Amino acid sequence: MLRNIKRDKWRHFWVGIAMGVFLQLAGFWLLPHSAVTAIFAAFIIVTAISYGFELFSLFSGLGRYDVYDAVASIIGGVLGMAAATLAHYQFGF
Numbered sequence: 052m053l054r055n056i057k058r059d060k061w062r063h064f065w066v067g068i069a070m071g072v073f074l075q076l077a078g079f080w081l082l083p084h085s086a087v088t089a090i091f092a093a094f095i096i097v098t099a100i101s102y103g104f105e106l107f108s109l110f111s112g113l114g115r116y117d118v119y120d121a122v123a124s125i126i127g128g129v130l131g132m133a134a135a136t137l138a139h140y141q142f143g144f
């Protein structure tokens, strides 16, 4: 099943992971007393950047619009957020 996923989607997935980790750790740093708000804000930003990039491709003509690229980025972003959340609570990052 995973072999059928195109290379382009994997790139979006890996970039999504990095984006999710960064945004989640930034959220915990900026909002140290409100973990739920930090998680929600990181998710909203991951989703906005992922789909916004696809909308930019659609309207500018500088790329190829594919909603599944945004989905792959969001899935990666959520996994990155989960990893950052675990690291934050386990190691105090």
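Quick note on my numbering: the sequence shown kicks off at 52 and runs consecutively.
We put the CB at the ideal spot given by N, CA and C, even for glycine.
Keep in mind that this is a model prediction, so the values were computed, not measured.
Asked: D59, DSSP secondary structure in three states; Found: helix
Asked: Distance CB(I68)-CB(G127) smaller than 8 Å; Found: yes
Asked: Own chain residues within Cβ distance below 8 Å of Y116, not counting five before or after; Found: E105, L106, S108 and L109
Asked: Proximity to A129 [Cα-Cα], best of R58, G71 and V66; Found: Correcting the residue type first, residue 129 is Val in the shown sequence and not Ala. V129 has its Cα closest to that of G71, out of R58, G71 and V66.
Asked: C-alpha distance - V118 paired with I95, whole-angstrom precision; Found: 17 Å
Asked: Anticipated Cβ contact below 8 Å, Q75 with G131, distance rounded; Found: 7 Å
Asked: From A92, A99 and R54, residue whose alpha carbon lies closest to that of V122; Found: A99
Asked: Whether H84 touches D120 by CB criterion (8 Å); Found: no
Asked: Simplified DSSP state of Y116, which is helix, strand or coil; Found: coil
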